[in-house]
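I have placed the structure first, in the form of structure tokens, so that the comments after it can refer back to it.
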Amino acid sequence: MQQPVLAGRFVDLKRELDDEEVQGLLALSIERPTPARLEEVCQMYLFDPTWRLLGYAVGRDQVAGCIGVQLFLRGEAQVRHIAVHPERRRQGIGRAMVGHVVQAYGLRRLAAEADADAAAFFRRCGFSVESQGDRQGHSGRFLCRWEAEAPPAANSRP
Ligand SMILES: CC(C)(COP(=O)(O)OP(=O)(O)OC[C@H]1O[C@@H](n2cnc3c(N)ncnc32)[C@H](O)[C@@H]1OP(=O)(O)O)[C@@H](O)C(=O)NCCC(=O)NCCS
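Using my numbering, read the sequence shown as starting at 358 and increasing by one per residue.
Below, the structure is given as structure tokens:
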């Protein structure tokens, strides 16, 4: 996965879950967010060690984007939440966050469920995209999957 060169830095948001800016970003990536739903999501990041929430910070600690993943065994993970502040979209932050979690957690496979807009983003980031039709009252859902390229076999010729 290609990494753009950006000026921000990655921060762990586990201790910033009460922050309004962080909650606002999380709400952007939840369909029909309610206070109860947001609270439920925050509890997962607080208490389940397989759920990790990272932020992309710019300037003096402004969080421009966040990505939440659930980690599984064997380098597999699922993107649970991803959002970039509306004024900072299309600058490569979303792609940088996806690339960062792949590197930081040594991922070989990453999946995400997305609506049509986010699926277009994941496709540009190298994911395959498969329509799931309308699921559980959510219309136009897509399953997006990325897999690391297999390293060349030891006996393969250049
Ligand atoms: C999806 C989202 C995280 C993308 O973040 P971003 O920082 O704007 O994405 P990037 O700038 O890194 O874009 C990477 C590539 O995807 C493309 N892209 C981004 N959003 C896109 C969209 N809605 N439709 C089509 N392509 C898109 C970019 O043009 C870029 O393409 P490139 O290969 O030509 O450079 C952001 O739009 C967002 O926060 N959306 C609202 C929350 C949301 O829907 N989250 C997903 C829940 S399933």
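Just so it is clear, CB atoms sit at the ideal spot from N, CA and C, and this is done for glycine as well.
Alpha-carbon to alpha-carbon, residue j and residue i
i	j	result
R466	L385	25 Å
E396	L382	14 Å
H442	S485	25 Å
V398	A511	44 Å
A476	Q489	11 Å
I387	A453	20 Å
R417	E504	35 Å
Whether residue i touches residue j by CB criterion (9 Å)
i	j	result
A519	C501	Missing from the structure shown is residue 519; the chain here goes from 358 to 515 and no further.
I450	L374	no
R437	G456	no
R471	R498	The displayed chain sequence assigns Ala, not Arg, to residue 471. Their beta carbons are under 9 Å apart, which means A471 touches R498 by this criterion.
Exposure of residue i, with buried meaning 16 or more beta-carbon neighbours within 10 Å
i	result
F429	exposed
E463	First, the residue type needs correcting, since residue 463 is Gly and not Glu in the sequence shown. Answer is exposed; the Cβ neighbour count stays below 16.
A421	buried
A393	exposed
Legend entry - Cβ contact check for the stretch 389-409 and the stretch 440-452: 3 or more pairs under 8 Å: Judged by Cβ distances under 8 Å, the stretch 389-409 makes no contact with the stretch 440-452, as fewer than three pairs qualify.
Inset, instruction - Let me know the alpha helix (DSSP H) ranges lying completely inside the stretch 383-443, each 4 residues or longer, listed in chain order. - result: As far as the stretch 383-443 is concerned, its whole alpha helix (DSSP H) runs of at least 4 residues are 392-404.
Legend entry - Any 3 or more C-beta pairs closer than 8 Å across the stretch 365-383 and the stretch 409-428: The count of Cβ pairs closer than 8 Å, one atom from the stretch 365-383 and one from the stretch 409-428, reaches three, so the stretches are in contact.
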